[in-house]
Amino acid sequence: MKDTLNKIVYKGFGLNISSEIPLPELLEMSVSEGAAEVVIKLADLTTLWSEVSGSNKYVVVKEQLCIFKVPNIAIYLVEEGNKVIVSPLEGSSEDQIRLYILGSCMGALLMQRKILPLHGSAIAIDGKAYAIVGDSGAGKSTLASAFLKKGYQLLSDDVIPVTFNEENIPVVAPAYPQQKLWLESLNQFGMESKDYSPIFNRETKFTVPVKNQFAEKILPLAGVFELVKTDDHEIEIQPIENLERLHMLLNHTYRSFLIDRLGLMEWHFNTSARIVSKIDLYQLRRPASSFTARDLTGLILTTLTLKKGEKVNG
């Protein structure tokens, strides 16, 4: 890996990150390395992995420590919420290595810092953050992209960091200005695939920079929309009530299998309860057989307008 020892400080996920590995997706900062809250380093983890892995082929988790191996790419160690060590494996590329730094590593690190990572996209609407969550393939990034086409801004794609401000309001920190979109979505939006880089193991999924439509400020989280594919022919929105609100946040926490292994079940429950008491949660149902992202943006914006009217009149 060339030029990796010139440490650069980046801003991402609400954190100052010093890295020996170039992270061009993140915004560079004009501050010293000492201001970094997270340090990403290169080191050989092969001996440590052989000592701790035992029968575990892919991941070992203990309180404040997570080490995992991605075959043919790298071994990663995430520790104490402030350190990521990367041990590249033979034949890997920087693009491959970065994908897991910005995904699984950051998800584990945020949990270690007791910042809730939701799995989805977050957009900024009228000075507030709204998260779009859902299972893989539900269309989260595509729906967020439809909002960008309407002039709104992106806060995060994939990992959404949620914490609380001094007023005990849940807030979302900006991650980095990039989306990941399937070829079908590019085609629907009239975007040329040749203008974007394919993700290494998914030749029909592409990275799409959105620096000109990136919200760089921490914003209050006002709502979460769970996107669900159905066999129906119409789009539909309905509020999520009672204990289903907590269940939904658990379902859509990034790498949720880590919660128990990191000893964070009580923290996650309490944090989720604090969040759902302050925000609106909806389930957004869409037909699996058709492209409805533009219609869904209209439905969401109408719902938010009506909600705003209720609060004013109430």
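Numbering (the numbering used here), first residue to last: 950 to 1263. For each residue, glycine too, the CB sits at the ideal point set by N, CA and C.
Inset, instruction - Would you mind sorting ASP952 into buried or exposed? The rule is 16 or more other CB atoms within 10 Å of its CB. - result: Looking up residue 952 in the sequence shown gives position 3. Unreliable placement is indicated for ASP952, whose pLDDT of 42 sits below 50; no coordinate value is reported for it.
Inset, instruction - With DSSP as the reference, label GLU1185 as helix, strand or coil. - result: As a first step, residue 1185 must be located in the sequence shown, where it is residue number 236. Strand, per DSSP.
Inset, instruction - Write down every uninterrupted run of the alpha helix (DSSP H) in the region 1159-1243 whose length is 4 residues or greater and which is fully enclosed by it, in chain order. - result: 1192-1200, 1206-1210 and 1214-1225
Inset, instruction - Leaving aside the five residues before and after LEU1065 along the sequence, list all residues of the same chain whose C-beta is less than 6 Å from its C-beta, in chain order. - result: Along the sequence shown, read from residue 1 onward, the residue named residue 1065 stands at position 116. VAL1111 and THR1220, listed in sequence order.
Inset, instruction - Give me the Cα-Cα distance between LYS1018 and PHE1174, rounded to the nearest whole angstrom. - result: Locating residue 1018 in the sequence shown gives position 69, where the first residue counts as 1. Locating residue 1174 in the sequence shown gives position 225, where the first residue counts as 1. When rounded, the distance between both Cα atoms is 33 Å.
Legend entry - Nearest-angstrom Cα separation, counted from ARG1047 out to LEU1248: Taking the sequence shown and counting its residues from 1, one reaches residue 1248 at position 299. Taking the sequence shown and counting its residues from 1, one reaches residue 1047 at position 98. Roughly 36 Å between the two C-alpha positions.
Inset, instruction - Identify whether GLY943 lies in helix, strand or coil by the three-state DSSP scheme. - result: Residue 943 is absent from the model: the chain starts at 950 and stops at 1263.
Inset, instruction - Per DSSP, which residues does GLN1128 bridge with? Please list them. - result: As a position in the sequence shown, residue 1128 is number 179, starting the count at 1. VAL1157, per the DSSP bridge assignment.
Inset, instruction - Assuming THR1241 contacts ILE1186 (C-beta within less than 8 Å), just tell me the rounded distance between them. - result: If you number the sequence shown from 1, residue 1241 lands on position 292. If you number the sequence shown from 1, residue 1186 lands on position 237. Actually they are not in contact, since the Cβ atoms of THR1241 and ILE1186 sit about 12 Å apart, beyond 8 Å.
Inset, instruction - Measure the alpha-carbon distance for HIS1196 versus MET1140 and round it to whole angstroms. - result: Residue mapping note: residue 1196 aligns to position 247 of the sequence shown, counting from 1. Residue mapping note: residue 1140 aligns to position 191 of the sequence shown, counting from 1. If you take the alpha carbons of HIS1196 and MET1140, they lie about 36 Å apart.
Inset, instruction - State the DSSP-derived secondary structure class of PHE1138, mapped to helix, strand or coil. - result: The residue you call residue 1138 lines up with position 189 of the sequence shown. Reduced to three states, the DSSP call for PHE1138 is coil.
Legend entry - Distance between LYS956 and GLU969 (C-alpha atoms, nearest Å): For the purposes of this step, residue 969 is taken as residue 20 along the sequence shown, with counting starting at 1. For the purposes of this step, residue 956 is taken as residue 7 along the sequence shown, with counting starting at 1. Going by the C-alpha atoms only, they are around 5 Å apart.
Inset, instruction - Assess, as a yes-or-no matter, whether the region 1048-1060 is touched by the region 1091-1102 under the definition of 3 or more beta carbon pairs within less than 8 Å. - result: no
Legend entry - Among ALA1124, VAL1082, THR1153 and HIS1201, nearest to GLU1133 - alpha-carbon criterion: The sequence position of residue 1133 within the sequence shown is 184, counting from 1. For GLU1133, the nearest C-alpha among the options comes from THR1153.
Legend entry - Residues sharing a beta bridge with GLU1028, DSSP: Indexing the sequence shown from 1 puts residue 1028 at position 79. For GLU1028, which the question treats as bridged, DSSP gives the partners LEU1014 and LYS1032.
Legend entry - the region 1202-1219 touching the region 1158-1174, judged by at least three CB pairs closer than 8 Å: no
Inset, instruction - Would you be able to state if there are at least three C-beta pairs under 8 Å between the region 1013-1033 and the region 988-1002? - result: yes
Inset, instruction - With distances taken Cα to Cα, identify the nearest neighbour of VAL1033 among LYS1006, GLY1040, GLN1061 and SER1042. - result: Working through the sequence shown from its first residue, we reach residue 1033 at position 84. Ranking LYS1006, GLY1040, GLN1061 and SER1042 by Cα distance to VAL1033 puts GLN1061 first.
Legend entry - Option in PRO1126, ALA1093 and SER1239 with minimal Cα separation from GLU977: Taking the first residue of the sequence shown as position 1, residue 977 is located at position 28. Among PRO1126, ALA1093 and SER1239, the Cα nearest to that of GLU977 is on PRO1126.
Inset, instruction - Could you please give the first and the last residue of the uninterrupted beta strand (DSSP E) stretch that includes ASP1107? - result: Locating residue 1107 in the sequence shown gives position 158, where the first residue counts as 1. Run containing ASP1107: 1102-1113, per the beta strand (DSSP E) assignment.
Inset, instruction - Excluding the 5 residues preceding and the 5 following LEU1135 in the sequence, name in chain order all residues of the same chain whose CB lies nearer than 6 Å to its CB. - result: By one-based count along the sequence shown, residue 1135 stands at place 186. Within the same chain, LEU1135 has close Cβ partners SER1142.
Legend entry - Under 8 Å between C-beta atoms of VAL1108 and ALA1122: Translated into the one-based positions of the sequence shown, residue 1108 becomes position 159. Translated into the one-based positions of the sequence shown, residue 1122 becomes position 173. It is not a contact, given that the beta carbons lie outside the stated cut-off.
Legend entry - Check whether ALA919 and VAL1008 have beta carbons under 8 Å apart: Absent from the model: residue 919. The displayed extent of the chain is 950 to 1263, so no value can be given.
Legend entry - SER1041 (DSSP reduced to helix, strand or coil): For this step, residue 1041 is matched to residue 92 along the sequence shown. Here SER1041 sits in coil by DSSP.
Legend entry - Counterpart residues of ASN1005 in DSSP-defined beta bridges: On the sequence shown, position 56 is the one that residue 1005 refers to. None, per the DSSP bridge assignment.
Inset, instruction - For GLU1029, collect the residues of the same chain with a Cβ closer than 7 Å to its Cβ; drop the 5 residues on either side in sequence, then sort them by chain order. - result: Reading the sequence shown from its first residue, position 80 is the one you call residue 1029. Correct list, in chain order: GLN1013 and GLN1061.
Legend entry - Buried/exposed call for PRO1188, threshold 16 Cβ in 10 Å: Within the sequence shown, numbered from 1, the residue matching residue 1188 stands at position 239. So PRO1188 counts as exposed.
Inset, instruction - Within the same chain, show all residues whose beta-carbon is closer than 7 Å to that of GLY1069, passing over the 5 residues directly before and after it, in chain order. - result: As a working note, residue 1069 is residue 120 in the sequence shown. Closer than 7 Å at the Cβ level, and outside the excluded window around GLY1069, lie ALA1080, ILE1081, VAL1082, GLY1083, LYS1089, ILE1109 and HIS1201.
Inset, instruction - Can you say whether PRO1119 is buried or exposed, counting buried as having 16 or more other CB atoms within 10 angstroms of its CB? - result: Position 170 of the sequence shown, counting from 1, holds the residue named residue 1119. PRO1119 should be labelled buried.
Inset, instruction - Quick one: using the 10 Å Cβ neighbour count with 16 as the cut-off for buried, is ALA985 buried or exposed? - result: The residue labelled residue 985 in the question sits at position 36 within the sequence shown. Per the 10 Å Cβ criterion, buried.
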